[in-house]
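Student: Structure incoming, see below.
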Amino acid sequence: MQPQEQEELVLDAEMDCVTSYPLYSLGDWDSISDGDIMKQHTLHAGEAEKVPYVGDKEPLSTLAAEYQSGSPVLQEKIKILGEQYSAIRRTRGDGNCFFRSFMFSYLEHILESQDKAEVVRITANVEECQKTLRRLGYADFTFEDFFTVFLEQLESVMQGSETSISHDELVERSRDQSVSDYVVMFFRFVTSGEIQRRSDFFEPFILGLTKTSVEQFCKTSVEPMGEESDHVHVTALSDALGVPIRVMYLDRSSCDTGHVVSLRNPKAFWYAWRQRDDWFKSCSGIRGFTS
16 MQPQEQEELV LDAEMDCVTS YPLYSLGDWD SISDGDIMKQ HTLHAGEAEK
66 VPYVGDKEPL STLAAEYQSG SPVLQEKIKI LGEQYSAIRR TRGDGNCFFR
116 SFMFSYLEHI LESQDKAEVV RITANVEECQ KTLRRLGYAD FTFEDFFTVF
166 LEQLESVMQG SETSISHDEL VERSRDQSVS DYVVMFFRFV TSGEIQRRSD
216 FFEPFILGLT KTSVEQFCKT SVEPMGEESD HVHVTALSDA LGVPIRVMYL
266 DRSSCDTGHV VSLRNPKAFW YAWRQRDDWF KSCSGIRGFT S
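Residue numbers (our numbering): 16 to 306.
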């Protein structure tokens with residue numbers, strides 16, 4: 016089904032620096048030292064810090080121009096995106112890009128739609144997420160501040176009160192570390208709680224990724240800031256909050272539709288994920304509501 020109008024995307028700005036790092040083939044792994052890895056991490060972090068958490072709106076054509084002489088498959092997938100979207104926002108490629116993109120996209124949607132019923136619904140889900148964490152043995156002081164900040168942002172995008180904010184103010188808050196990081200941590204705790212609550216469901220996927228226990232996976236790969244997200248994180252967050260998500264993979268695999276995976280239903284937030292050319296994984300958040 017064609018969308019009624021083109022939407023805005025949120026992309027990871029790490030795409031800008033993807034050619035800044037050396038590439039390694041499978042045969043090189045034995046010769047890669049700890050120093051090489053640390054150097055790569057330092058370069059990666061340095062480039063990420065050059066961009067804001069959430070960037071300004073840009074025409075989608077800027078993304079196409081960056082890959083004009085690149086992979087034909089990526090060019091075709093960007094062309095597919097252009098059929099549905101007209102603009103992009105880049106997010107910092109610091110490992111929190113999925114959660115930060117989701118934060119901005121969801122709050123922007125509430126700001127634009129003023130959907131009171133959705134605010135009531137998700138607030139109830141947030142309360143259930145808190146109960147889940149308590150049942151799992153988490154003390155309130157470990158997560159309550161993060162939940163409070165998210166609910167404050169949710170309230171602020173609803174118009175008609177002294178605390179209401181404009182779209183420009185939402186962008187600025189998304190760039191404010193004291194707000195943005197707290198909301199990211201809120202999403203991380205929600206995701207961790209949902210994974211542990213449904214450990215039987217998620218365990219096979221986690222074993223396939225890391226060969227660790229569900230609890231250890233949450234402690235090391237979900238809750239810490241800067242840890243990249245995978246399909247487990249996306250599924251858990253979508254299920255816990257009851258918010259539909261679509262994932263589009265911007266990789267070199269051949270696929271006429273751009274490799275889309277839908278969670279929950281077709282009217283969803285969109286995100287695009289991209290595997291880096293070197294041995295660091297990155298994600299790119301793309302959002303939009305479609306008809």
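Glycine included, C-beta positions come from ideal geometry on N, C-alpha and C.
Would you say Tyr68 and Thr106 are within 9 angstroms of each other, going by their C-beta atoms?
Tutor: Within the sequence shown, numbered from 1, the residue matching residue 68 stands at position 53. Within the sequence shown, numbered from 1, the residue matching residue 106 stands at position 91. Yes, Cβ-Cβ distance for Tyr68 and Thr106 is below 9 angstroms.
Student: If you reduce the DSSP assignment to three classes, tell me which class Pro87 lands in.
Tutor: For the purposes of this step, residue 87 is identified with residue 72 of the sequence shown, where counting begins at 1. Residue state, collapsed to three classes: helix.
Student: Looking at Glu73 and Ile103, is the spacing between their C-beta atoms short of 9 angstroms?
Tutor: As a working mapping, residue 103 is identified with position 88 in the sequence shown. As a working mapping, residue 73 is identified with position 58 in the sequence shown. It is a contact, given that the beta carbons lie within the stated cut-off.
Student: Could you have a look at Lys65 and say whether DSSP puts it in helix, strand or coil?
Tutor: Here residue 65 is taken as the residue at index 50 of the sequence shown, counted from 1. Lys65 falls in the coil class under three-state DSSP.
Student: From the DSSP output, in three-state form, read off Tyr153 for me.
Tutor: Taking the first residue of the sequence shown as 1, we reach residue 153 at position 138. It is coil, neither helix nor strand.
Student: Quick check on DSSP: helix, strand or coil for Ser101?
Tutor: In the sequence shown, counting from the first residue as 1, residue 101 sits at position 86. Strand.
Student: Would Leu38 be called buried (16 or more neighbouring beta carbons within 10 Å of its own) or exposed?
Tutor: As a position in the sequence shown, residue 38 is number 23, starting the count at 1. Summary for Leu38: the model assigns pLDDT 33, below 50, so the residue's position carries little reliability; its value from the coordinates is reported in the next sentence. Exposed, by the Cβ-count rule.
Student: Is it right to say His182 is buried, meaning 16 or more other beta carbons lie within 10 angstroms of its own, or is it exposed?
Tutor: Working through the sequence shown from its first residue, we reach residue 182 at position 167. Answer is exposed; the Cβ neighbour count stays below 16.
Student: Considering only the alpha carbon of each residue, which of Thr178, Arg203, Glu127 and Glu133 lies closest to Lys234?
Tutor: For this step, residue 234 is matched to residue 219 along the sequence shown. When each option's Cα is compared against that of Lys234, the closest is Arg203.
Student: Does His248 pass the burial test, meaning 16 or more other C-beta atoms within 10 Å, or should it be called exposed?
Tutor: On the sequence shown, residue 248 is found 233 positions in, with the first residue counted as 1. Counting Cβ neighbours within 10 Å, His248 comes out buried, since at least 16 surround it.
Student: Would you mind working out which of Leu126, Thr138, Phe156 and Phe232 sits nearest Gly175, comparing C-alpha positions?
Tutor: Locating residue 175 in the sequence shown gives position 160, where the first residue counts as 1. Ranking Leu126, Thr138, Phe156 and Phe232 by Cα distance to Gly175 puts Leu126 first.
Student: On a Cα-Cα basis, can you pick out the residue from Ala255, Asp254 and Glu242 that is closest to Phe113?
Tutor: Position 98 of the sequence shown, counted from the first residue, corresponds to residue 113. Comparing Cα positions, the closest option is Glu242.
Student: With three or more beta-carbon pairs closer than 8 angstroms as the criterion, would you say the region 185 to 203 touches the region 130 to 138?
Tutor: Segments in contact, no.
Student: Which residue wins for smallest C-alpha separation from Asn111, given the options Val262, Arg261 and Asp245?
Tutor: Walking along the sequence shown from the start, residue 111 turns up at place 96. It is Asp245 whose Cα lies nearest to the Cα of Asn111.
Student: Below 8 angstroms, can you find three or more Cβ-Cβ pairs linking the region 197 to 212 to the region 147 to 161?
Tutor: With the cut-off at 8 angstroms, the region 197 to 212 and the region 147 to 161 touch.
Student: Can you tell me where the alpha helix (DSSP H) holding Glu81 begins and where it ends?
Tutor: Start at 1 with the first residue of the sequence shown, and residue 81 comes out as number 66. First-last of the alpha helix (DSSP H) with Glu81: Ser76 to Glu81.
Student: Beta carbon of Gly223, beta carbon of Arg136: below 9 angstroms?
Tutor: What you label residue 223 is simply residue 208 of the sequence shown in a count that begins at 1. What you label residue 136 is simply residue 121 of the sequence shown in a count that begins at 1. Not closer than 9 angstroms, so no.
Student: Measure the Cβ-Cβ separation of Gly97 and Ser76 and say whether it is below 9 angstroms.
Tutor: If you number the sequence shown from 1, residue 97 lands on position 82. If you number the sequence shown from 1, residue 76 lands on position 61. Against a cut-off of 9 angstroms, the Cβ pair of Ser76 and Gly97 comes out as a contact.
Student: Who are the Cβ neighbours of Cys144 in its own chain at under 7 angstroms, not counting the five residues just before and after it?
Tutor: Along the sequence shown, one-based indexing puts residue 144 at 129. Val205, Gly208 and Ala255, listed in sequence order.
Student: Skipping 5 residues on each side, what residues in its chain have a beta carbon closer than 6 angstroms to that of Phe165?
Tutor: As a first step, residue 165 is located in the sequence shown; it is residue number 150 there, counting from the start. Excluding positions up to five away in sequence, the list reads Val198 and Phe201.
Student: Ser120 to Arg267, Cα distance in whole Å?
Tutor: In the sequence shown, the residue the question calls residue 120 occupies position 105. In the sequence shown, the residue the question calls residue 267 occupies position 252. Ser120 and Arg267: Cα-Cα distance of roughly 26 angstroms.
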